[in-house]
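See structure below.
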Amino acid sequence: MFISIVIPTYNRKPILEKCLRALEKQQLTDAKISNYEVVLVDDGSTDGTLEWLDKHQDEFPHVCPFAQNHLGPAAARNLGVEKAKGDTIIFIDSDLVVTDKFLQSHADALVNGEQNLGDDRLFTYGWVINTCNFENPTSEPYKITDFSAAYFATGNVAIARKWLEKVGLFDTGFQLYGWEDLELGVRLKQLGLKLIKCPEAVGYHWHPPFTLAQIPNLIDKEIQRGRMGVLFYQKHPTFEVRLMIQMTWLHRILWGILSLGGTLNERTLAPILQWLIDQGKPQLALEIARIFLNWYNVKGVYAAYDEFVKG
């Protein structure tokens, strides 16, 4: 198989360097993979990403860069698939650092999965381990909070190109944060594709340590995710999607109770969050912050849905 790793990026040059260097160090142990390329789509970055890559192009023989205006990850991934030469597509994010067995693990799982199922209607999904260790991201252990029940998430997934083309790629209507990959997953599920878990294909998702200064942006992302969730539901008006986007009375009651009706918010929890950060526990602080972040998300969902109903 010829693998094309499609990566959208936007202003992530420091971690992107680690991402691309890891992909140049792949150990291919058998003939399953005939060749591979890294299709990097710059989504209008302003941090000198393409200029840096041009200066260092000799270090990245597998990288094929492309550029577009800032249209979002859905449009960037679509452009990446269109430009890709491979029959197999792997999606990762530009802040993911993989191990040297990453490509071989996905290839092995795809081949073994087809043999076991007697059918090629499948895709593989690798582990994503979250870390804030920039210097050595691959040293992070797997944590219970890294578990994902998503059917199709583009942080670490491999799939035959033909299935993406058959369902029509990503919906570029998802221009704000969230859901474009899971919406495509609904269409793949309708084709009968089976998810094959591939824990050997490990990617380490880097993000900076949590600080209080990040909270306004995180809140904005949750509100955006709520709005895009309603678009997701408009396309697929099922109870399963309502559960996914937290548009049920259960979620409204749950996060309403946990946040004490919004009383536990970014202002009232700030002292304890800062104390945890000062104690060297930013990840725990972030998990506590998710109480009010999820409340913002649920409110965003219902606000967007009310606009949809009235409009």
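For what it's worth, my numbering labels the leading residue of the sequence shown as -8, then goes sequentially.
The beta-carbon is built from N, C-alpha and C at its ideal position, and this holds for glycine as well.
Around the Cβ of residue i, are there at least 16 other Cβ atoms within 10 angstroms (buried) or fewer (exposed)?
i	result
L267	buried
S250	buried
G63	buried
N288	buried
S96	buried
D172	buried
P5	exposed
H311	A question about residue 311 goes unanswered here, because the residues of the chain that appear run from -8 up to 302.
G271	exposed
L44	buried
P207	exposed
Q225	exposed
V72	buried
Y195	buried
Residue i: which of the options sits nearest, CA to CA?
i	options	result
T163	A280, H47, L31 and M219	M219
F283	A261, N26 and I(-4)	A261
I135	Y142, K16 and N121	N121
I150	K185, F114, G39 and F125	F114
I263	V289, A276 and Q17	A276
S139	M235, T90, F165 and Q205	M235
F125	V177, I(-2), E8 and K290	E8
D269	Q225, H242 and T202	T202
A295	H61, E213 and P199	E213
E257	Q237, R12, L94 and N285	N285
Q237	I(-2), G104, K290 and V(-3)	K290
F165	P199, F223 and V30	F223
V193	R216, N2, V89 and Y142	V89
P52	K76, K74, A66 and L14	L14
T20	V177, F93, Y133 and H47	F93
N354	Y27, H61 and V54	The structure shown does not extend to residue 354, since the chain spans only -8 to 302, so no value can be given for it.
A65	K16, V29, Y168 and E28	Y168
D91	E105, N103, T129 and G104	T129
A75	G104, N26 and V102	N26
T254	G159, A280, N127 and V300	A280
Residue i: beta carbon under 7 Å from a heavy atom of the ligand SAM?
i	result
F(-7)	With respect to small molecules bound, the structure shown includes none, and the ligand SAM cannot be examined in it.
Taking the straight line between their C-alpha atoms, what separation do you get for residue i and residue j?
i	j	result
L245	W170	22 Å
E131	A144	21 Å
K157	G183	12 Å
I228	D211	Correcting the residue identity first, residue 228 is Pro in this sequence and not Ile. Approximately 25 Å between the Cα atoms of the pair.
A335	D33	Examination of residue 335 is not possible in this model, given that the chain is present from -8 through 302 alone.
D297	L209	23 Å
S36	G109	43 Å
R68	D86	15 Å
K23	I248	52 Å
D38	P(-1)	15 Å
S(-5)	C123	27 Å
Q274	A98	33 Å
N107	K188	13 Å
T259	L11	41 Å
M(-8)	G252	53 Å
W197	Q205	15 Å
V232	E174	9 Å
F161	Q215	18 Å
G159	L241	33 Å
Spatial neighbours of residue i within its chain, please: CB distance less than 6 Å, with the 5 preceding and 5 following residues excluded, ordered by chain position.
i	result
P190	W118
E377	A query on residue 377 cannot be resolved here, the shown segment of the chain reaching from -8 to 302 and no further.
A100	T115, I187 and C189
G77	F(-7), I(-6) and S(-5)
R243	V289
V30	S(-5), V(-3), C55, G71, K74 and A75
K301	none
Y133	I120
Determine, for residue i, whether the minimum Cβ-Cβ distance to residues of chain C falls below 8 Å.
i	result
F82	The structure shown contains no chain C, having only a single protein chain.
Please work out which residues of its chain come closer than 7 Å, Cβ to Cβ, to residue i, disregarding the five sequence neighbours upstream and downstream, and give them in chain order.
i	result
L70	V32, F57 and Q59
L41	D33, P56 and A58
P199	C123
G176	Y142 and F143
V292	G217, G220, V221, I236, Q237 and M238
Q18	D91, K92 and Q95
What does a CB cutoff of less than 8 Å around residue i pick up in its chain, not counting 5 residues either side in sequence?
i	result
W154	R112, F114, L179, L182 and L184
E278	T136
E105	D111 and L113
Three or more C-beta pairs under 8 Å: does that hold for the stretch 74 to 86 against the stretch 144 to 159? Yes, the stretch 74 to 86 is in contact with the stretch 144 to 159.
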